[in-house]
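Residue numbers (our numbering), protein chains in the order written: chain S, 12 to 333; chain A, 3 to 373.
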């Protein structure tokens, strides 16, 4: 039967995937680089984590390899868009292809294997709080807790530190940042890399933690794109992105739970009696992404917040321009 | 003494006409070299795989016809993408528009919309092609409208729609239209099949078993139409102007919102027609797996062809070869991998068209030389 606490807990686990990917992309975009290759980096990271932990039997090595794998892949995008000044949209798309292809080729033969996974933890003391402790702090995946910590760290870094300020300056007005002595190119490389690492971690969160296993391209099934949508929806704000991620996670679980009971609110449950209607339930997360974008855009217009001013525009030192 | 430094200097003069072609070809070649190195490093034999690619794609009339069969939807989708990209509208939703086109076209034989035994083939096929285009255009309208009215990122919208239509088709394929429980509809009546060369095997023995169908003609015709729109019409001029310089276009009186929706719909219609071509010319039924990521490959095709309609045809044939050859080769991701590397290198190679490399010595060295 449906249980709100269970849906919430499930949302926290699956939402962590989106949280890592979306906050990583926020950091990249805040420095002025749009990397649409999140889906490819996530899939590559998921495969790398699974394969490395399968081969070594050590899931921590798996996580590390996934983070590095995502980061390295993102450097291809960085090189092409920062130095060669290629179109960031097209480059991001090619990164998705490249990551998908690499993951499928290197991950060949991993389907159906099992490996060590990230352990679940219960936090002492905090888990004793009634309800809240049960939902948020007991028997959840370690990565979920790391996700909790990532939110304030990312917020503090972006808004309250000198490197965070430099990063935003580069994303808003690279020429001005340059005159103040910030190395625009290096900054953009760095944060594209950080975003790639976090996408790799997001992939690993799927394959060795939340739903362990390698299911070729179905492993990510579009979550990288949902993460990109969350970035826009959240107005480049890590807290909002995290909340959105958790909401999406809950929604996923909710649509699964809806199929279970024969009776729903005292009525015959249509999804139970006609299984084909489930296809409409499966559309919901994707349809809701579009609705979220619509909602986000009208809120953005009202509050006059927008993308980083130089997002997607290459910077060329010594050339007059944007 | 310091080393000479390599720096990029923006070209002020136009590049020679041959240069884009040479850099693109060079990038594709380099992609195969890099792909080969990656294959080698994971223990595969690149020479065997590439040799197999070539033989599997161009080795016989039959295999070349298979290549053209795969190229047909790619040409249509690549043309649709080129049109949208000219206006800098990122229609990544050709995959979804393709599926929607396939669904709409399938309505004709499956509902059926016309009596299938008595209606002439030409009428059935025309109706299917028309409905396929309507389906794709309607599905293209959604991102176009959201972009034009609310400035919603069309990349995300089109991608989400790609997922949604798969569930929509499955609802019908697994349910009402299921062929006795299988995950596909029953085979269309013959009247809904596009003519194939194999149909002529009675007169010309050489055509027996050749699967090439009339859909490829749609692609060629569409290339001509897109070429005329882009190069010989006022509308095409506006599309290019809006893409290159939206501000100038607005001063020139262009209705950007209207053109956004129209271009998205036409782009979707071409992808929808590709969906009709695939169900009517190849699988003869609606099923879940009718596309090997045609929609995404179409994006790459358009970009490799530098948004030129005639080049789209050539590139589509090459990609058709890649798809045909990679059907039988393991691991299955190789074709994705190569497509990704090719696209990366092609967009990187564009730097050579915009910039030239220059060796510069630092000022200090020059002073020393002068002294």
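For every residue, glycine included, the Cβ atom is placed at its ideal position computed from N, Cα and C. Since the model is a prediction, treat every value here as computed from it, not as a measurement.
- Give the range of the beta strand (DSSP E) segment to which residue 186 of chain A is assigned. In the DSSP assignment, residue 186 of chain A falls within the unbroken beta strand (DSSP E) covering 184-187.
- Query: Taking one C-beta from the region 111-128 of chain A and one from the region 187-197 of chain A each time, how about it: are there three or more such pairs within less than 8 Å?
  - Reply: Judged by Cβ distances under 8 Å, the region 111-128 of chain A makes contact with the region 187-197 of chain A, as three or more pairs qualify.
- Assign residue 15 of chain A to one of two classes, buried (16 or more other C-beta atoms within 10 Å of its C-beta) or exposed (fewer than that). With fewer than 16 other Cβ atoms within 10 Å, it is exposed.
- Message: Please classify residue 286 of chain A as buried or exposed, where buried requires at least 16 other C-beta atoms within 10 Å of its C-beta.
- Response: Burial of residue 286 of chain A is indicated by the presence of at least 16 other C-beta atoms within 10 angstroms of its C-beta.
- Buried or exposed by the 16-neighbour rule on C-beta atoms within 10 Å, applied to residue 236 of chain A: Using a 10 angstroms sphere on the CB of residue 236 of chain A, the tally of other CB atoms stays under 16, which defines it as exposed.
- Measure the CB-CB distance between residue 221 of chain A and residue 78 of chain A and report whether it falls below 9 Å. The criterion of a C-beta distance shorter than 9 Å is satisfied by residue 221 of chain A and residue 78 of chain A.
- Message: Which same chain residues end up closer than 6 Å to residue 124 of chain S when comparing Cβ atoms and leaving out the 5 residues on each side of it in sequence?
- Response: Closer than 6 Å at the Cβ level, and outside the excluded window around residue 124 of chain S, lie 65.
- Query: Residues bridged to residue 180 of chain A by DSSP?
  - Reply: DSSP, once it has assigned bridges, lists A/187 as partnering residue 180 of chain A.
- Query: Is residue 294 of chain S close to chain A, meaning its C-beta is less than 9 Å from at least one C-beta of that chain?
  - Reply: Interface annotation, residue 294 of chain S: in contact with chain A, CB-CB separation under 9 Å.
- Is it buried or exposed for residue 12 of chain A, if we count other Cβ within 10 angstroms and need 16 for buried? Here residue 12 of chain A is exposed: its Cβ has fewer than 16 other Cβ atoms, across all protein chains shown, within 10 Å.
- Item | Coarse secondary structure for residue 289 of chain A, derived from DSSP in three states | If DSSP states are grouped into helix, strand and coil, residue 289 of chain A belongs with the strands.
- Item | 7 Å Cβ shell around residue 248 of chain A - same chain, five flanking residues per side excluded | Here the set comprises 258.
- Could you check if residue 39 of chain A is buried or exposed, using at least 16 other CB atoms within 10 Å of its CB as the buried criterion? The residue is exposed, with fewer than 16 neighbouring Cβ atoms inside 10 Å.
- Does DSSP classify residue 326 of chain S as helix, strand or coil? Look at residue 326 of chain S here: in three-state DSSP terms it is coil, with no helix or strand label.
- Checking contacts by CB at 9 Å: is residue 173 of chain A closer than that to chain S? Output row for residue 173 of chain A: interface = yes.
- Spatial neighbours of residue 345 of chain A within its chain, please: CB distance less than 8 Å, with the 5 preceding and 5 following residues excluded, ordered by chain position. Apart from sequence neighbours up to five positions away, the residues of its chain that approach residue 345 of chain A with a beta-carbon distance below 8 Å are 302, 305 and 306, ordered along the chain.
- Item | C-beta contact flag for residue 25 of chain S and residue 264 of chain S at 9 Å | In this structure, residue 264 of chain S lies closer than 9 Å to residue 25 of chain S by Cβ.
- Item | Local conformation of residue 124 of chain S per DSSP, three classes | The three-state secondary structure of residue 124 of chain S, taken from DSSP, is coil.
- Distance, residue 226 of chain S Cα to residue 184 of chain S Cα: Rounded to the nearest whole angstrom, the C-alpha separation of residue 184 of chain S and residue 226 of chain S is 42 Å.
- Using the Cα positions of residue 349 of chain A and residue 339 of chain A, report the straight-line distance between them to the nearest angstrom. Cα to Cα, the separation comes out at about 16 Å.
- Message: Taking the straight line between their C-alpha atoms, what separation do you get for residue 134 of chain S and residue 165 of chain S?
- Response: Near 22 Å, if we compare the C-alpha coordinates of residue 165 of chain S and residue 134 of chain S.
- residue 166 of chain S CB to nearest chain A CB: under 9 Å? No, residue 166 of chain S lies away from the interface with chain A (no Cβ there is under 9 Å from its Cβ).
- Query: Within this structure, are the beta carbons of residue 235 of chain S and residue 210 of chain S separated by less than 9 Å?
  - Reply: In this structure, residue 235 of chain S places its C-beta atom within 9 Å of the C-beta atom of residue 210 of chain S.
- chain S contact residues for residue 261 of chain A, given Cβ-Cβ distances below 8 Å: Proximity of chain S to residue 261 of chain A at the Cβ level (cut-off 8 Å) is not reached, the minimal Cβ distance being about 19 Å.
- Task: Return the CA-CA distance between residue 77 of chain S and residue 218 of chain S, expressed in angstroms with no decimal places.
- Result: Using only the alpha carbons, I get a separation of about 10 Å.
- Under the three-state reduction of DSSP, which class applies to residue 136 of chain S: helix, strand or coil? The DSSP-derived three-state label of residue 136 of chain S is coil.
- Message: Could you tell me the alpha carbon to alpha carbon distance between residue 144 of chain S and residue 156 of chain A, rounded to whole angstroms?
- Response: Rounded to the nearest angstrom, the two C-alpha atoms are 41 Å apart.
- Item | 9 Å Cβ cutoff met for residue 48 of chain S and residue 85 of chain S | Closer than 9 Å, so yes.
- Task: Below 8 Å between beta carbons is the criterion; list the residues of the region 337-350 of chain A that meet it against any residue of chain S, in chain order.
- Result: Answer set for the region 337-350 of chain A: 337, 338, 339, 340, 341, 342, 343, 345, 346, 349 and 350.
- Measure the beta-carbon distance from residue 1 of chain A to residue 337 of chain A and round it to whole angstroms, keeping in mind my assumption that it falls under 8 Å. Here chain A has residues from 3 to 373 only, and residue 1 of chain A is not among them.
- In three-state DSSP terms, what is residue 269 of chain S? In the three-state DSSP reduction, residue 269 of chain S falls in the coil class, being neither helix nor strand.
- Should the region 262-278 of chain A be called in touch with the region 62-73 of chain A, which here means at least 3 C-beta pairs below 8 Å? No: fewer than three Cβ pairs fall under 8 Å.
- Item | Residue range of the alpha helix (DSSP H) that includes residue 262 of chain A | 258-280 is the span of the alpha helix (DSSP H), which, as asked, contains residue 262 of chain A.
- Message: If the cut-off is 8 Å on Cβ atoms, which residues from the region 195-224 of chain A count as contacting chain S, listed in chain order?
- Response: Answer set for the region 195-224 of chain A: empty.
- Query: From residue 17 of chain A to residue 312 of chain A, what distance separates their C-alpha atoms?
  - Reply: Between residue 17 of chain A and residue 312 of chain A, the alpha-carbon positions lie close to 21 Å from each other.
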